[in-house]
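> Position 185, counted from 1, in the sequence shown is what the numbering used here calls 269; the numbers after and before it change by one each time, with no gaps.
My questions will all concern the structure given below.
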Amino acid sequence: MGEMLLNSMRGDIPLVIIRPSIIESSIKEPFPGWIQGSRMLDPLILSYGKGWLPGFLGDPKAVIDVVPLDMVVNASIAAIAKHGIAAKPELNVYHVGSSAVNPLLVHDLFKFSCNHFTCSPLMNSERTNIRINEMKFFNSMDNFASYISDEIAQRSGLMDTTITDSKLRGKLEIKRKKIVEHVVHLAKIYEPYMVDRGRFDNQNTQKLMEGMSLGEMRDFGFNVGSINWEDYILNVHIPGSPYLDRVLGILAFAFIVPLEYCPEKTI
């Protein structure tokens, strides 16, 4: 409705509409991994790294349309420059996303996150490394909720028959319920994204980029097709996001892990 209103009121003024997909941390400027605040992927990645998310509701072949924020900014600048100079009284719409030319699959997001936390694991309250396994995917909420409840019960120690202290068991049960509620809540929020195989056409954005000079593309590049998602998730987004450890109000450690030093883990 906002776009329709702008179009009806613009008169002879050129109008540019930028439609970005899921905006995540920068890939280059002002420095790799920068973003203000936490974004969509952070709660999932952190919960997975903490061992709270051994499984998730979704289609592993679904596409998460992600774009680094500096590419969105660069595309906006390029579009403004082009149509501001031409000054033609027309409407131009640009989709800035990756799903059509360089899709990031749900499976790959968790695979790359698993590789990162295998190299640089988070630590628990006892200062020991948290070990995580490959992500398991479920196609129904009932199956997922049942699995998570049982899995968290195992990890919390509730299944340990040697624990006879009723107060301790009570505390463990409270902790288990909170984690299960948190994870199920995440699944409900992210379900639409975790099953979507749709792609968003970005032909206008591609044409905009092709019309730029080499110098302009170097200084204001937004070629989403050039993104190496494995490198971006492992070495840019996770270690570059200082807000990951604040999403749930807990301590987390993340370090840059060059791919060549990361032990191979095939999922």
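Every residue gets a Cβ at the ideal spot worked out from N, C-alpha and C, and that includes glycine.
Helix, strand or coil: how does DSSP classify VAL157 here?
By one-based count along the sequence shown, residue 157 stands at place 73. Looking at VAL157 - three-state DSSP - the assignment turns out to be helix.
> Where does PHE201 fall in DSSP's three states?
Stepping through the sequence shown from its first residue, residue 201 is reached at position 117. PHE201: helix per DSSP, three-state reduction.
> Roughly how many angstroms lie between the CA atoms of ALA163 and PHE221, to the nearest whole one?
Position 79 of the sequence shown, counted from the start, is the residue given in the question as residue 163. Position 137 of the sequence shown, counted from the start, is the residue given in the question as residue 221. Answer to the nearest angstrom: the Cα atoms are 40 angstroms apart.
> Have a look at MET278, SER204, ALA271, LEU99 and flag the residue whose alpha-carbon is nearest the alpha-carbon of GLY168.
Start at 1 with the first residue of the sequence shown, and residue 168 comes out as number 84. Nearest option by C-alpha distance: LEU99.
> Do you know offhand how far ILE317's Cα is from PHE194's?
As a working mapping, residue 317 is identified with position 233 in the sequence shown. As a working mapping, residue 194 is identified with position 110 in the sequence shown. Answer to the nearest angstrom: the Cα atoms are 10 angstroms apart.
> Could you name the residues of the same chain whose beta carbon sits closer than 6 angstroms to that of GLY282, not counting the 5 residues immediately before and after it, in chain order?
Counting from one through the sequence shown, the residue named residue 282 turns up at place 198. Excluding residues within five positions, none has a Cβ falling inside 6 angstroms.
> Using DSSP bridges, identify the partner residues of VAL185.
The residue given as residue 185 occupies position 101 in the sequence shown. Paired residue(s): none; VAL185 is not in a bridge.
> In the structure shown, what three-state DSSP assignment does LYS172 receive?
Against the sequence shown, residue 172 aligns to sequence position 88. Coil.
> Cα separation between ALA165 and ASN312?
Locating residue 165 in the sequence shown gives position 81, counting from the first residue. Locating residue 312 in the sequence shown gives position 228, counting from the first residue. Cα to Cα, the separation comes out at about 28 angstroms.
> Counting only the same chain and skipping the five closest in sequence on each side, list residues whose C-beta sits under 8 angstroms from that of LYS145.
Position 61 of the sequence shown, counted from the start, is the residue given in the question as residue 145. The residues LEU189, VAL190, HIS191, ARG281, in chain order, have a CB closer than 8 angstroms to that of LYS145 in the same chain once the five nearest residues on each side in sequence are set aside.
> To the nearest angstrom, how far is the alpha carbon of LEU206 from that of PRO127?
Indexing the sequence shown from 1 puts residue 206 at position 122. Indexing the sequence shown from 1 puts residue 127 at position 43. Approximately 14 angstroms, taken between the alpha carbons.
> Are the stretch 265–276 and the stretch 175–185 touching, with three or more C-beta to C-beta distances below 8 angstroms?
no
> Quick one: residues in its chain with C-beta nearer than 7 angstroms to the C-beta of PHE284, no 5 flanking neighbours on either side, listed in chain order?
Start at 1 with the first residue of the sequence shown, and residue 284 comes out as number 200. Answer for PHE284: SER105, ASP149, HIS179, GLY181, SER183, ALA184, listed in chain order.
> Would you kindly report the start and end of the unbroken beta strand (DSSP E) that includes ILE107?
Along the sequence shown, read from residue 1 onward, the residue named residue 107 stands at position 23. First-last of the beta strand (DSSP E) with ILE107: 106–108.
> Return the chain-ordered list of same chain residues with a C-beta closer than 7 angstroms to the C-beta of LEU141, the five sequence neighbours on each side being excluded.
Here residue 141 corresponds to residue number 57 of the sequence shown, with the count starting at 1. So the qualifying residues of the chain are PHE222, MET225, PHE228, ALA271, GLU275, MET278.
> Shortest alpha-carbon distance to PRO187 belongs to which of VAL147, PRO173, THR212, THR202?
Here residue 187 refers to the residue found at position 103 of the sequence shown. The shortest Cα separation from PRO187 among VAL147, PRO173, THR212, THR202 belongs to VAL147.
> Less than 7 angstroms between C-beta atoms, sequence neighbours within five positions excluded: which residues of the same chain meet that for TRP118?
Here residue 118 is taken as the residue at index 34 of the sequence shown, counted from 1. Here the set comprises SER109, SER110, GLY324.
> Between which two residues does the alpha helix (DSSP H) harbouring GLY299 extend?
The count along the sequence shown starts at 1 and reaches residue 299 at position 215. Residues 298–303.
> Which residues mark the beginning and the end of the beta strand (DSSP E) in which PRO152 is found?
The residue you call residue 152 lines up with position 68 of the sequence shown. Where PRO152 is concerned, the enclosing beta strand (DSSP E) stretches over 150–152.
> For LEU130, report the span of its alpha helix (DSSP H) as first-last.
To locate residue 130, count along the sequence shown from 1; it is residue 46. Counting along the chain, the alpha helix (DSSP H) containing LEU130 begins and ends at 125–133.
> Check each candidate in VAL151, VAL320, GLY133 and name the one with the smallest Cα separation from GLU218.
Numbered from 1 along the sequence shown, position 134 holds the residue referred to as residue 218. Selected option, being the one with the closest Cα: GLY133.
> When the Cα atoms are used, what is the spatial distance from LYS251 to GLU257?
Counted from its first residue, the sequence shown places residue 251 at position 167. Counted from its first residue, the sequence shown places residue 257 at position 173. Computed Cα separation, rounded: 10 angstroms.
> Look at PRO173 and ILE97 and say whether their C-beta atoms are less than 8 angstroms apart.
For the purposes of this step, residue 173 is taken as the residue at position 89 of the sequence shown. For the purposes of this step, residue 97 is taken as the residue at position 13 of the sequence shown. For PRO173 and ILE97, yes; Cβs fall inside 8 angstroms.
> Can you tell which of ASN307, LEU153, SER230 has its C-alpha closest to the C-alpha of GLN290?
On the sequence shown, residue 290 is found 206 positions in, with the first residue counted as 1. Considering only alpha carbons, the answer is ASN307.
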